[in-house]
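Numbering follows the numbering used here, with no gaps: position 105 of the sequence shown is 547.
See below for the structure under consideration.
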Amino acid sequence: MKLRIKDNSLRVRLDRKDLAELLAGGQIESRLAFGPTPAQQFTYAVELTQDTAGAPRADYRDGRIVVSIGDAAARAWSDGDQVGFEVQQPTEAGTVRLLVEKDFSCIERPADQAEDDAWAFPNPATHHSQAQ
Numbered sequence: 443m444k445l446r447i448k449d450n451s452l453r454v455r456l457d458r459k460d461l462a463e464l465l466a467g468g469q470i471e472s473r474l475a476f477g478p479t480p481a482q483q484f485t486y487a488v489e490l491t492q493d494t495a496g497a498p499r500a501d502y503r504d505g506r507i508v509v510s511i512g513d514a515a516a517r518a519w520s521d522g523d524q525v526g527f528e529v530q531q532p533t534e535a536g537t538v539r540l541l542v543e544k545d546f547s548c549i550e551r552p553a554d555q556a557e558d559d560a561w562a563f564p565n566p567a568t569h570h571s572q573a574q
């Protein structure tokens, strides 16, 4: 799972393994440890909900960024061609732009970094150009 934060924008990218684990277990989590205690760790998670609207939502709670997605929406997304979700989420401090996307393989990744794409979704741009 990859995370990008810029100002009031949050983008989460899930590869095939991440998405499979999310659908099987209902939640995935990543942690950046600056030290051994929870207070020294930055944690972010994606979890499934029973929300029928299905649109993703981001929250900051208990020192964690948590992105929630409706279970049915996540399953349809996993099985389909949809790249992801984009939501403008109103907050008390303004608006957070939230993107949840499939992580596609890099078109021009250096050979020594190929393992970074091991679980990536096939890049539609590469697939399209090969089909022509």
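Ideal Cβ positions, reconstructed from N, Cα and C, are used throughout, including at glycine.
Collapsed DSSP secondary structure at Glu534 in the structure displayed | coil
Could you give the uninterrupted runs of the alpha helix (DSSP H) lying entirely in the region 493 to 528, keeping only those of 4 residues or more?
-> 513 to 521
Hey, would you say Leu474 sits closer than 8 angstroms to Leu464, going by beta carbons?
-> no
Between the Cα of Asp493 and those of Ile507, Ala500 and Asp513, spot the shortest distance and give me the residue it belongs to.
-> Asp513
Cα-Cα separation, Ile470 to Asp504 | 16 angstroms
Cα-Cα separation between Val508 and Ala516, rounded to whole angstroms | 15 angstroms
Top-ranked residue by Cα proximity to Leu541, from Gly468, Pro498 and Gly467 = Pro498
Classify Asp449 as buried or exposed, calling it buried when 16 or more other Cβ atoms lie within 10 Å of its own Cβ.
-> exposed
3 or more residues per run - each beta strand (DSSP E) lying fully within the region 449 to 475 | 451 to 456 and 469 to 475
Buried or exposed: which applies to Ser451, given that a residue is buried once 16 or more other Cβ atoms fall within 10 Å of its Cβ?
-> exposed
Beta-carbon contacts of Glu489 that lie in its chain and below 7 angstroms, excluding the five residues immediately before and after = Gly468, Gln469, Val508 and Ser510
Outcome for Ala518 when other beta-carbon atoms lying within 10 angstroms are tallied against a minimum of 16 | exposed
Whose C-beta lies closer than 7 angstroms to the C-beta of Arg506 among residues of the same chain, with five residues either side of it excluded?
-> Thr485, Tyr486 and Ala487
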